[in-house]
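Just so we're on the same page, my numbering is the position in the sequence shown counted from 1, plus 91. Note that the Cβ used here is the ideal one computed from N, Cα and C, for glycine as well. Comments concern the structure below.
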Amino acid sequence: MTPIELKSYRKKLSAIHNISGDKKPLSQARFAQLMGCSKDYIRKMEQGKRKIPEDFEQRIKERFRLYMKSGIDLRAMIDYLRLSFFGTDYKTVIQRVLRMDLTEFETRPTGLYLFDCLSVRGNIWVFWHSKRTVTENVLVQFSGQGCREYEEVMREQQT
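As structure tokens, this is what we get:
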């Protein structure tokens with residue numbers, strides 16, 4: 092590991108952004124605290140005045156859970172999703188965004204999330220307003236099962 096790589100880890104691990112929106116590196120003091128060493132030690136390693144131990148990168152990866160053994164088969168799925176669309180109506184969202192048939196949805200009144208109408212197809216819920224509002228927003232909500240149902244809709248459209 093080089094001094095430049097060490098500093099890049101501090102930047103990668105930071106959640107702080109400066110005014111221009113760029114990521115600001117984690118401070119040397121905070122990084123040292125998290126790694127269980129002194130700020131001076133980190134500073135000297137980054138300046139090249141102190142040799143970086145061979146296992147230091149591994150310690151960083153383990154401390155921040157960045158290390159993953161190769162060959163692990165991972166699968167990620169969206170288990171819940173809520174999206175808001177502005178300046179449109181529910182019919183456009185259902186037909187053009189979701190690419191679903193409007194006739195498959197049952198519409199009923201609701202009071203959830205300050206909407207007064209709800210169109211439902213299984214576990215896919217589309218909330219909307221019956222009258223014009225300032226935001227003209229539509230809220231689409233997929234429960235975990237709704238996500239699986241939508242995956243099936245997309246699969247059917249591919250064939």
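Buried/exposed call for residue i, threshold 16 Cβ in 10 Å
i           : result
residue 178 : exposed
residue 225 : exposed
residue 137 : buried
residue 212 : buried
residue 95  : exposed
residue 204 : exposed
residue 206 : buried
residue 125 : exposed
Host beta strand (DSSP E) of residue i (start-end)
i           : result
residue 173 : 172-176
residue 197 : 197-200
residue 217 : 215-219
residue 209 : 208-212
CB contact check: residue i to chain B, cutoff 9 Å
i           : result
residue 190 : Protein chain content of the structure displayed is limited to a single chain, and chain B is not contained in it.
Nearest to residue i (by Cα), restricted to the options the options
i           : options            : result
residue 101 : 242, 152, 240, 146 : 152
residue 245 : 192, 230, 124      : 192
residue 215 : 201, 135, 232      : 232
residue 234 : 99, 170, 188, 123  : 170
residue 181 : 209, 95, 167, 149  : 209
residue 238 : 174, 121, 197      : 174
residue 144 : 155, 219, 132      : 132
residue 200 : 127, 217, 118, 249 : 217
residue 113 : 120, 105, 119      : 105
residue 135 : 98, 156, 190       : 98
residue 154 : 168, 141, 140, 128 : 128
residue 249 : 117, 190, 230, 194 : 190
residue 198 : 187, 118, 219, 247 : 219
residue 185 : 241, 115, 123, 247 : 241
Residue i - containing alpha helix (DSSP H), residue span
i           : result
residue 244 : 235-249
Residue i CB to nearest heavy atom of the ligand SAM below 8 Å
i           : result
residue 217 : The ligand SAM is absent from the structure shown, which contains no ligand whatsoever.
Inset, instruction - Please specify which runs of the alpha helix (DSSP H), each continuous and at least 4 residues long, are wholly inside the region 99-155, giving them in chain order. - result: 119-126, 130-138, 147-154
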